[in-house]
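In our numbering, the protein residues as written are -5 to 167.
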């Protein structure tokens, strides 16, 4: 179901009307029709062909099989859309405006004693202002993952304490 909303503070420099994105690993039909940036709207197609088939297999042990991705962000340069997935334990990059899958980065695993490894449970996404790094809060392992947006490599894992969720980037001059 597509819902129109206006965030109290537009994320990552986005302005105008927004459409809520409903995306999950099994049914990632992005219901996003437009992304508005500085008064410029890009039409995006709503399609099932953006479904990544790999990686997968997470979410069962965590009891999160119906968890949609809610960590979704457009890089500040407006060239890519980033979507996290609890069921894939990964973050996916899509090019804009065509929504072509660029690739993904797997997130660290959690190793509970006496149980099978589980996923990081990725939450929110934020970027450096130059779009060089994307940060993913991982509530399952109390970490923030830093990913190089050019190479899709995990460059840092930052311990942050109990259940990190909502994150943002603050630039100090």
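Note that CB positions come from ideal geometry on N, CA and C, so glycine has one too.
For clarity, every value in this text was computed on a predicted model and none was experimentally measured.
Tell me the DSSP secondary structure of residue i in three-state form.
{"i": "residue 82", "result": "coil"}
{"i": "residue 37", "result": "Here residue 37 scores only 33 on pLDDT, less than 50, and its place in the model should not be relied on; the value that follows carries that caveat. In this structure, residue 37 counts as strand in the three-state DSSP scheme."}
{"i": "residue 105", "result": "coil"}
{"i": "residue 142", "result": "strand"}
Let me make sure I understand the geometry here. Which of the options has the alpha-carbon closest to that of residue i?
{"i": "residue 97", "options": "117, 106, 65, 76", "result": "76"}
{"i": "residue 135", "options": "155, 119, 125, 69", "result": "155"}
{"i": "residue 101", "options": "79, 72, 107, 122", "result": "79"}
{"i": "residue 68", "options": "94, 153, 121", "result": "121"}
{"i": "residue 143", "options": "133, 157, 126, 132", "result": "126"}
{"i": "residue 113", "options": "66, 161, 133", "result": "133"}
Alpha carbon to alpha carbon, what distance is there between residue j and residue i?
{"i": "residue 151", "j": "residue 91", "result": "30 angstroms"}
{"i": "residue 84", "j": "residue 107", "result": "22 angstroms"}
{"i": "residue 71", "j": "residue 105", "result": "36 angstroms"}
Within the continuous beta strand (DSSP E) that includes residue i, where are the two ends?
{"i": "residue 156", "result": "Segment: none, residue 156 is in no beta strand (DSSP E) and carries neither H nor E."}
{"i": "residue 97", "result": "95 to 100"}
{"i": "residue 174", "result": "Outside the shown range of the chain (-5 to 167) lies residue 174, about which nothing can therefore be said."}
{"i": "residue 110", "result": "Looking at the DSSP string, residue 110 is not in any beta strand (DSSP E), and its letter there is neither H nor E."}
{"i": "residue 72", "result": "No beta strand (DSSP E) holds residue 72; DSSP gives it neither H nor E."}
Please return the same chain residues whose Cβ sits closer than 6 angstroms to the Cβ of residue i, not counting the five positions on each side in sequence.
{"i": "residue 141", "result": "99, 128, 148"}
{"i": "residue 111", "result": "103, 105"}
Check whether chain C comes within 7 angstroms of residue i, counting only Cβ atoms and requiring the distance to be less than that.
{"i": "residue 120", "result": "Here chain C cannot be found, since the structure has a single protein chain."}
Among the residues of its own chain, which have a CB less than 8 angstroms from the CB of residue i, if the five just before and after it don't count?
{"i": "residue 153", "result": "136, 137"}
{"i": "residue 73", "result": "89, 90, 125"}
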